[in-house]
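>
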Amino acid sequence: MAFGAAAGSFLPRIAYRLTVPFGAPPRTSCADCDRTFPAGAAGWVHSGPSCCGGGHAPAVVLALIAGALAALLGPVPELPVHLLAALPGLLLAMIDLGCLRLPDRLVGALALTGGIPLALLAPDRILPALAAGAVVGGIYLVIAMLPRRGLGLGDVKLGAALAFLLGFAGWPAVAVGFGTAHLLNGAIAAWLLVTRRARPIPFGPALLAGFLAGVTAV
Ligand SMILES: [Zn+2]
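Everything in the sequence shown is counted per this note's numbering, starting at 42 for the first residue and increasing by one.
1) Following the continuous alpha helix (DSSP H) through HIS123, name the residue where it begins and the one where it ends.
2) For ligand 1, is there a heavy atom less than 7 Å away from the beta-carbon of ARG54?
3) Quick check on this structure: which residue in ILE184, ALA204 and ILE55 has the alpha carbon closest to the alpha carbon of PRO67?
4) Looking at the strands, I want to know which residues DSSP matches up with THR77.
5) If you draw a straight line from the C-alpha of VAL215 to the C-alpha of LEU207, how long is it?
6) For PHE44, I'd like the list of residues in its chain whose CB is within less than 7 Å of its CB, leaving aside the five on either flank, ordered along the chain.
7) Distance check for CYS93 and LEU199, CA to CA, integer angstroms please.
8) Could you check whether the segment 80-94 touches the segment 153-162, counting it as contact only if at least three pairs of C-beta atoms, one from each stretch, sit closer than 8 Å?
Here it is as structure tokens:
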């Protein structure tokens, strides 16, 4: 949990700078006070709130995720892998909530930080994991192509990446993960309908929460 709180405190600045419209470069300054962020790594590596406003929520959330992973998984070799993958995971959720986008590079970072160590730990699971990624990615791609598409291409890529990572834990983990994601998404959609607040729902956070359920439940 200490790891989660410490690492999570660095997320607000990165998420803030990457919460931009499609194709736009990362923010170079704070929109509230016009203060310019330092160039290079110093502008990205920053603990605490990004600048004006914003809180310590990411640090708290990541601490809770880390605590849940440690408590439910126990001291298995996969634990540090998932703790590390939680960083790009939470970043993606924050950015998707902010601007309905899932930047490719972050999805790639998530797939690699999780996928490479998992493949080294269990080489015999690489094929099933790739199969899970292909199945979920394929189904989501078809859904994204439908006329009234509920999924964006970012969701397709994130779904495929998470299915690949869950595939290392087996097909039951994949089923629990994606079942949970769609239940969550359905509940949010129903709640928005009841409260008459029609707005697009980012699917990334539900996918990532589902991943957490899948990886810890099975
Ligand atoms: Zn500011």
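Each residue gets a CB set at the ideal place from its N, CA and C atoms; glycine is no exception.
According to the structure shown:
1) 119-140 is the extent of the alpha helix (DSSP H) around HIS123.
2) Taking non-hydrogen atoms of ligand 1 into account, the C-beta of ARG54 is found less than 7 Å away from none of them.
3) Closest option to PRO67, Cα to Cα, is ILE55.
4) SER70, per the DSSP bridge assignment.
5) Cα-Cα distance, rounded: 5 Å.
6) Hits under 7 Å: ALA107 and LEU124.
7) If you take the alpha carbons of LEU199 and CYS93, they lie about 30 Å apart.
8) Flag = no, the segment 80-94 and the segment 153-162 do not touch.
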